[in-house]
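Below you'll find the structure, written out as structure tokens, and then a few comments.
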Amino acid sequence: MKLLALALLLAAAPLAAAAQDVVLVGPDGREARVAAAELAALPRAEVTLEAHGERHVYSGPLLIDVLGKVGVPRGPALRGPALASVVLISARDGYQVALAVAELDPAMRSARVILADRADGRPIPQTDGPLRLVVEGDLRPARSARMVSRIELRALAQPKP
Ligand SMILES: Nc1nc2c(c(=O)[nH]1)N[C@H]1C(S)=C(S)[C@@H](COP(=O)(O)O)O[C@H]1N2
Ligand SMILES: [Mo]
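Here the working numbering is used: the first residue of the sequence shown is 403, the next is one more, and so on.
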């Protein structure tokens, strides 16, 4: 019986791990899965978010560093058509938020955008997490999407007329 329980646990383990993953999609449609452990290995930032009268300190990597995995223009490369690139963030409940890539680059703007995996030093509960976008400096927390599951880069630039 114990062996059966162990076998079931092992069989379910990859599924459980996948539920923590976030899917990244590059501008060419290339998909990459990022596991929680990979996010935890990136440099971290702390951002305080106030929502409905409560303040919490969220921490996690900068979203632009996470997007490095599928290639994202930043620094001096963030010019010309790259300035018309956006990132579409989707959550498990269907909530969606779009940001311009230029908003994510600390070389462009000082307000940070993080993909938080911890709130007040603890993992974010499944009801809000395990990943939450946190957009520093927004006057309302509406763009700070909870339960982030997919992050897609889209190049919107049109050819010059
Ligand atoms: N996935 C998801 N994220 C979301 C929302 C939502 O409906 N779904 N609502 C947004 C809005 S409008 C607000 S005000 C904040 C509320 O944050 P809180 O749940 O930490 O209070 O979450 C934002 N993130
Ligand atoms: Mo809101």
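No residue lacks a Cβ here, since even glycine has one placed at the ideal position from N, Cα and C.
With C-beta atoms as the reference, is Arg548 less than 8 Å away from Asp530? In the sequence shown, counting from the first residue as 1, residue 548 sits at position 146. In the sequence shown, counting from the first residue as 1, residue 530 sits at position 128. Yes.
For Tyr497, verify whether its CB is less than 7 Å away from any heavy atom of ligand 1. Locating residue 497 in the sequence shown gives position 95, counting from the first residue. Yes, Cβ of Tyr497 sits closer than 7 Å to a heavy atom of ligand 1.
Rounded to whole angstroms, what is the Cα-Cα separation between Arg446 and Ser512? On the sequence shown, residue 446 is found 44 positions in, with the first residue counted as 1. On the sequence shown, residue 512 is found 110 positions in, with the first residue counted as 1. Using only the alpha carbons, I get a separation of about 15 Å.
Spatial neighbours of Ala557 in its chain, beta-carbon cut-off 6 Å, leaving aside the 5 residues before and after: Along the sequence shown, one-based indexing puts residue 557 at 155. If we look at Ala557 and ignore the five residues flanking it on each side, its Cβ neighbours are Pro429, Ser487.
Could you name the residues that DSSP lists as bridge partners for Pro463? Numbered from 1 along the sequence shown, position 61 holds the residue referred to as residue 463. Answer is Arg446, bridged to Pro463.
For Gln528, three-class secondary structure by DSSP: Mapped onto the sequence shown, residue 528 falls at position 126. Coil, per DSSP.
Compare the C-alpha of Leu541 against each of Leu451, Gly431, Ile526, Arg520 and name the closest. Taking the first residue of the sequence shown as 1, we reach residue 541 at position 139. For Leu541, the nearest C-alpha among the options comes from Leu451.
Return the first residue and the last residue of the beta strand (DSSP E) that Ser492 is part of. Here residue 492 refers to the residue found at position 90 of the sequence shown. Segment 487-493, the beta strand (DSSP E) holding Ser492.
Out of Ile516, Asp522, Val449, which has the shortest C-alpha to C-alpha gap to Val468? Here the question's residue 468 lines up with position 66 in the sequence shown. Comparing Cα positions, the closest option is Ile516.
Relative to the alpha-carbon of Met510, which residue among Gly455, Arg552, Gly496, Arg481 has its alpha-carbon at the smallest distance? Your numbering for residue 510 matches position 108 in the sequence shown. Met510 has its Cα closest to that of Arg481, out of Gly455, Arg552, Gly496, Arg481.
Following the continuous beta strand (DSSP E) through Arg556, name the residue where it begins and the one where it ends. Stepping through the sequence shown from its first residue, residue 556 is reached at position 154. 550-557 is the span of the beta strand (DSSP E), which, as asked, contains Arg556.
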